Amino acid sequence: MLKLNLKKSFQKDFDKLLLNGFDDSVLNEVILRKKEPLPPQFQDHALKGKWKPFRECHIKADILLVYLVEDDELVFC
0 MLKLNLKKSF QKDFDKLLLN GFDDSVLNEV ILRKKEPLPP QFQDHALKGK
50 WKPFRECHIK ADILLVYLVE DDELVFC
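Going by numbering that gives the first Met the number 0, the residue at position 2 of the sequence shown is 1; the numbering climbs one at a time, nothing skipped.
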């Protein structure tokens, strides 16, 4: 099982989403507690350039999640 590491920028953005009525149950579907691929509906893909080691998935059409899997840790940015 992967350990979660929430960066300060993620926590601030997530708190804003919750204040605006975001249903966080959708995020629970996306959280990769195991190293398994996400379902295609989340459009998971690798990023390029300076973000190369990171991945991005679409939680909703206008809400994106940038993350990194390192060894046994899942980092939300």
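Glycine is no exception: its CB is placed at the ideal position from the N, C-alpha and C atoms.
Given the structure is predicted, the values throughout are model-derived calculations rather than measurements.
Distance, residue j Cα to residue i Cα
i	j	result
D12	D22	14 angstroms
V68	F53	8 angstroms
D70	P36	16 angstroms
C76	L26	14 angstroms
D43	N19	25 angstroms
Residue of the options minimising C-alpha distance to residue i
i	options	result
S24	V68, K59, F9 and L46	K59
S8	E28, F41, V65 and E69	V65
L16	L73, L63 and V74	L63
D61	F41, K2 and L46	F41
M0	K6, D14, I30 and Q10	I30
P38	C56, N4 and G48	C56
Beta-bridge partners of residue i, as assigned by DSSP
i	result
L16	L16 pairs with nothing; no bridge assigned.
L5	F75
Next item on the list: Taking only runs that begin and end inside the stretch 35-76, name each unbroken beta strand (DSSP E) of 3 or more residues, in chain order.
Entry: Listed in chain order, the beta strand (DSSP E) elements of length 3 or more contained wholly in the stretch 35-76 are 54-59, 62-69 and 72-75.
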